[in-house]
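K.L.:
Protein chains: 2
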Amino acid sequence: MSYAPTPQTTPTRYRERARYDRATVHRILDEALICHLGYTRGGRPIVLPTTHARVDETLYLHGSTGSGPVLAAGPDGLPVCVTATLVDGLVLARSALHHSMAYRSVVAIGCARLVDTEDEKRLGLDALLNHVAAGRAADVRPPNRRELAATAVLALDLVEVSASVRDGGPNDEPEDLALPHWAGVVPLRVVAGPAEPVADLDPAIATPPYLASYRRPH
Amino acid sequence: MSYAPTPQTTPTRYRERARYDRATVHRILDEALICHLGYTRGGRPIVLPTTHARVDETLYLHGSTGSGPVLAAGPDGLPVCVTATLVDGLVLARSALHHSMAYRSVVAIGCARLVDTEDEKRLGLDALLNHVAAGRAADVRPPNRRELAATAVLALDLVEVSASVRDGGPNDEPEDLALPHWAGVVPLRVVAGPAEPVADLDPAIATPPYLASYRRPH
Numbered sequence: 146m147s148y149a150p151t152p153q154t155t156p157t158r159y160r161e162r163a164r165y166d167r168a169t170v171h172r173i174l175d176e177a178l179i180c181h182l183g184y185t186r187g188g189r190p191i192v193l194p195t196t197h198a199r200v201d202e203t204l205y206l207h208g209s210t211g212s213g214p215v216l217a218a219g220p221d222g223l224p225v226c227v228t229a230t231l232v233d234g235l236v237l238a239r240s241a242l243h244h245s246m247a248y249r250s251v252v253a254i255g256c257a258r259l260v261d262t263e264d265e266k267r268l269g270l271d272a273l274l275n276h277v278a279a280g281r282a283a284d285v286r287p288p289n290r291r292e293l294a295a296t297a298v299l300a301l302d303l304v305e306v307s308a309s310v311r312d313g314g315p316n317d318e319p320e321d322l323a324l325p326h327w328a329g330v331v332p333l334r335v336v337a338g339p340a341e342p343v344a345d346l347d348p349a350i351a352t353p354p355y356l357a358s359y360r361r362p363h
Numbered sequence: 146m147s148y149a150p151t152p153q154t155t156p157t158r159y160r161e162r163a164r165y166d167r168a169t170v171h172r173i174l175d176e177a178l179i180c181h182l183g184y185t186r187g188g189r190p191i192v193l194p195t196t197h198a199r200v201d202e203t204l205y206l207h208g209s210t211g212s213g214p215v216l217a218a219g220p221d222g223l224p225v226c227v228t229a230t231l232v233d234g235l236v237l238a239r240s241a242l243h244h245s246m247a248y249r250s251v252v253a254i255g256c257a258r259l260v261d262t263e264d265e266k267r268l269g270l271d272a273l274l275n276h277v278a279a280g281r282a283a284d285v286r287p288p289n290r291r292e293l294a295a296t297a298v299l300a301l302d303l304v305e306v307s308a309s310v311r312d313g314g315p316n317d318e319p320e321d322l323a324l325p326h327w328a329g330v331v332p333l334r335v336v337a338g339p340a341e342p343v344a345d346l347d348p349a350i351a352t353p354p355y356l357a358s359y360r361r362p363h
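Below, the structure written as structure tokens:
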């Protein structure tokens, strides 16, 4: 099952990197800790980092009732572009212009809606917590009515979506292969340090397993 | 010396996180390996990951002559929002809605211009290589005329710019402090693995020092 390509999700360059299968898109969205949310204000683009969580074919984005994108979202929703990017490494070629990155990214386009029922808001907020650390939503004090009212959740249905994947080494020109420059890949990854409890934490509360050896899914 | 706040760079929420001093902005831009470039096409937002490099108060962005933002940039330039984000950790609170991220981000707004002289194009491309790995531009085959012509560089003057910095631990409500949930920070960082040479690399070419112990500045 794949997302149908559209003119908006068909790249003008590097078409061989495009992916539309749901498994690839889902893996990237689930692994990426944050995304960048693009919208327009007065016709100008705005891009803000935020957290996201995927529930089946819906992407939830966290806001607050006073934040820019939430204020900009009217009853018809907010046209957005949500982009999540994982950088897997540096790709170093013998020639300047064949340098690249090893990366995986997803671009999701559409009209985000403000979640307007308390049930779906709780569902989205739980998903956002579990996206950051699987199991966390069951190990916190849940939002109360007042907090829920002060929090906005945006939802974007995954319909117009594409991934872009660049892996492997550099693609140097044949005539550059004998040049005396190092070429290859420097792999990059995100690692977690030991969890640091707040100073006033009850010493009887151990670091939960989902934080003690924290890593992103996959 | 600071950037002057404008309505566009004054957040509607979390104003205490806003920073306008150049040193903070420069450090974040220099440390962030990639950025997310937002622009509009047909009035709709588009957000793409790309590499950037700062030279004094100019941000260079890499394109190709056939890429979306380059095609969209007319003689008057392209209104853009460039956002670079560093995620420093997870901030886990006792209550769901006090969860946060430790992060540093920069938002730069303005009209990007297509670099139109060969000299500045070379300057921008060298900066982009050195941004990825300091010293790399002097250790590659430089672009030839044909490659230069096929490559576009966008330049954005750093004028309307702000940073947002969130550090420290969670800010729980006083009545939540005795709850039996772990609270604190899980620090995150990007680490490089050993550089992996291409299979056909001349074995006499050693891994250059700037890649052997690769890390982002700061």
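Chains W and G are the protein sequences, given in the same order. 146 is the number of the first residue of the first sequence in my numbering; add one for each residue after it. 146 is the number of the first residue of the second sequence in my numbering; add one for each residue after it. Positions of the beta carbon are idealized from the N, C-alpha and C atoms, including for glycine.
Using a Cβ-Cβ cutoff of less than 8 Å, which residues in the same chain neighbour W:Gln-153 once the five nearest sequence positions on both sides are dropped?
P.N.:
For W:Gln-153, where only same-chain residues beyond five positions count, the Cβ hits under 8 Å are Ile-254, Glu-305.
K.L.:
Listing by chain order, which chain G residues have their CB less than 9 Å from the CB of W:Asp-201?
P.N.:
Those do not exist, as W:Asp-201 stays about 21 Å from chain G at its closest Cβ, beyond 9 Å.
K.L.:
Taking the DSSP output, what are the residues bridged to G:Met-246?
P.N.:
Bridge partners of G:Met-246: G:Leu-235.
K.L.:
On the DSSP letters alone, give me the boundaries of the alpha helix (DSSP H) that W:Glu-292 sits inside.
P.N.:
Counting along the chain, the alpha helix (DSSP H) containing W:Glu-292 begins and ends at 290-294.
K.L.:
G:Leu-346 by DSSP, collapsed to three states: which one?
P.N.:
Correct three-state label for G:Leu-346: coil.
K.L.:
For the alpha helix (DSSP H) containing W:Arg-162, name the first residue and the last one.
P.N.:
Careful: W:Arg-162 lies outside any alpha helix (DSSP H) and carries neither H nor E.
K.L.:
Closer than 7 Å by beta-carbon distance: list the chain G residues that pair up with W:Ser-240, in chain order.
P.N.:
Per Cβ cutoff of 7 Å: Val-285, Arg-286.
K.L.:
Find the residues of chain W that neighbour G:Ala-328, judging by a C-beta separation of less than 8 Å, and give them in chain order.
P.N.:
Here the neighbours are Pro-342, Val-343, Leu-346.
K.L.:
Nearest by alpha-carbon distance to W:Asp-233: which of W:Arg-334, W:Pro-315, W:Ala-218 is it?
P.N.:
When each option's Cα is compared against that of W:Asp-233, the closest is W:Arg-334.
K.L.:
In chain order, what residues of the stretch 248-264 of chain W put their CB closer than 9 Å to some CB of chain G?
P.N.:
Within the stretch 248-264 of chain W, the residues whose Cβ lies closer than 9 Å to some Cβ of chain G are Tyr-248, Ser-250, Val-252, Ile-254, listed in chain order.
K.L.:
For the ligand GDP, is there any heavy atom lying closer than 7 Å to the beta carbon of W:Thr-228?
P.N.:
Of the ligands one can find in the structure shown there are none, so the ligand GDP has no counterpart to examine.
K.L.:
Does DSSP put W:Asp-284 in a helix, in a strand, or in coil?
P.N.:
DSSP places W:Asp-284 in helix when its eight states are reduced to three.
K.L.:
Give the secondary structure of G:Ala-337 by DSSP, where H, G and I count as helix, E and B as strand, and everything else as coil.
P.N.:
Three-state DSSP puts G:Ala-337 in a strand.
K.L.:
Measure the Cβ-Cβ separation of G:Pro-288 and W:Ala-241 and say whether it is below 8 Å.
P.N.:
Yes, the Cβ-Cβ distance between G:Pro-288 and W:Ala-241 is below 8 Å.
K.L.:
Starting from G:Glu-305, trace the beta strand (DSSP E) in both directions and tell me its first and last residue.
P.N.:
Element bounds for G:Glu-305: 305-311.
K.L.:
Check whether the Cβ atoms of G:Pro-190 and G:Ser-307 sit closer than 8 Å, and answer yes or no.
P.N.:
Against a cut-off of 8 Å, the Cβ pair of G:Ser-307 and G:Pro-190 comes out as no contact.
K.L.:
Is the Cβ-Cβ distance between G:Leu-231 and G:Tyr-205 less than 8 Å?
P.N.:
The answer is no: Cβ separation not under 8 Å.
K.L.:
If the cut is a Cβ gap below 8 Å, which residues of chain G does W:Ser-358 touch?
P.N.:
Those do not exist, as W:Ser-358 stays about 11 Å from chain G at its closest Cβ, beyond 8 Å.
K.L.:
Could you tell me which chain W residues have their CB closer than 9 Å to the CB of G:Ile-350, listed as they occur along the chain?
P.N.:
Near G:Ile-350 (Cβ distances below 9 Å), the residues of chain W are Pro-325, His-326, Trp-327, Ala-328.
K.L.:
Which residue's Cα is closest to the Cα of W:Arg-258: W:Ala-272, W:Ala-218, W:Val-330, W:Asp-321?
P.N.:
Among W:Ala-272, W:Ala-218, W:Val-330, W:Asp-321, the Cα nearest to that of W:Arg-258 is on W:Ala-218.
K.L.:
At 7 Å on the CB atoms, spell out the chain G contacts of W:Glu-292, in chain order.
P.N.:
Under the 7 Å cutoff, chain G gives Leu-242.
K.L.:
Can you pull the chain W neighbours of G:Thr-196, defined as C-beta to C-beta under 8 Å?
P.N.:
The answer, in chain order, is Met-246.
K.L.:
Please decide whether W:Thr-155 counts as near chain G, where near means a Cβ-Cβ distance under 8 Å.
P.N.:
No, W:Thr-155 does not count as interfacial toward chain G.
K.L.:
Under 9 Å between beta-carbons, which chain G residues line up against W:Ser-212? List them in chain order, please.
P.N.:
What W:Ser-212 touches in chain G: Pro-156, Thr-157, Arg-158, Tyr-159.
K.L.:
Figure out for me which residue from G:Gly-329, G:Pro-348, G:Glu-176, G:Pro-362 has the closest Cα to the Cα of W:Pro-348.
P.N.:
The candidate whose alpha carbon is nearest that of W:Pro-348 is G:Gly-329.
K.L.:
Which residues in chain G sit within 8 Å of W:Ala-308, going by Cβ to Cβ distance?
P.N.:
The contacting residues do not exist; W:Ala-308 stays about 12 Å from chain G at best.
K.L.:
Can you pull the chain W neighbours of G:Ala-363, defined as C-beta to C-beta under 7 Å?
P.N.:
For the sequence presented, residue 363 of chain G should be read as His rather than Ala. Within chain W, no residue comes near G:His-363; the closest Cβ sits about 16 Å away, beyond 7 Å.
K.L.:
Hey, how far is the Cα of W:Ser-358 from the Cα of W:Glu-318?
P.N.:
Going from the Cα of W:Ser-358 to the Cα of W:Glu-318 covers about 43 Å.
K.L.:
Give me the chain W residues within the contact set of G:Arg-334, using Cβ-Cβ distance strictly less than 9 Å, ordered along the chain.
P.N.:
The answer, in chain order, is Val-335, Val-336, Ala-337, Gly-338.
K.L.:
What is the DSSP secondary structure of G:Arg-267, counted as helix, strand or coil?
P.N.:
Correct three-state label for G:Arg-267: helix.
K.L.:
In its own chain, which residues sit with a C-beta less than 6 Å from the C-beta of W:Asp-312, not counting the 5 before and 5 after it?
P.N.:
Taken in chain order, the residues that qualify are Ala-247.
K.L.:
Below 8 Å on the Cβ atoms is my guess for G:Tyr-159 versus G:Tyr-148; work out the distance and round it to an integer in Å.
P.N.:
Going by Cβ atoms, the distance from G:Tyr-159 to G:Tyr-148 rounds to 18 Å, so no, they are not a contact pair.
K.L.:
Using a Cβ-Cβ distance under 8 Å, would G:Asp-321 count as near chain W?
P.N.:
True, the Cβ-Cβ gap to chain W drops below 8 Å.
K.L.:
Beta carbon of W:Tyr-300, beta carbon of W:Val-260: below 8 Å?
P.N.:
Before going on, a small fix: residue 300 of chain W reads as Ala here, not Tyr. Contact: yes.
K.L.:
What residues in its chain sit with their C-beta under 8 Å from that of G:Val-364, if we drop five residues either side in the sequence?
P.N.:
Absent from the model: residue 364 of chain G. The displayed extent of chain G is 146 to 363, so no value can be given.
K.L.:
Residues bridged to G:Ser-240 by DSSP?
P.N.:
W:Arg-286, per the DSSP bridge assignment.
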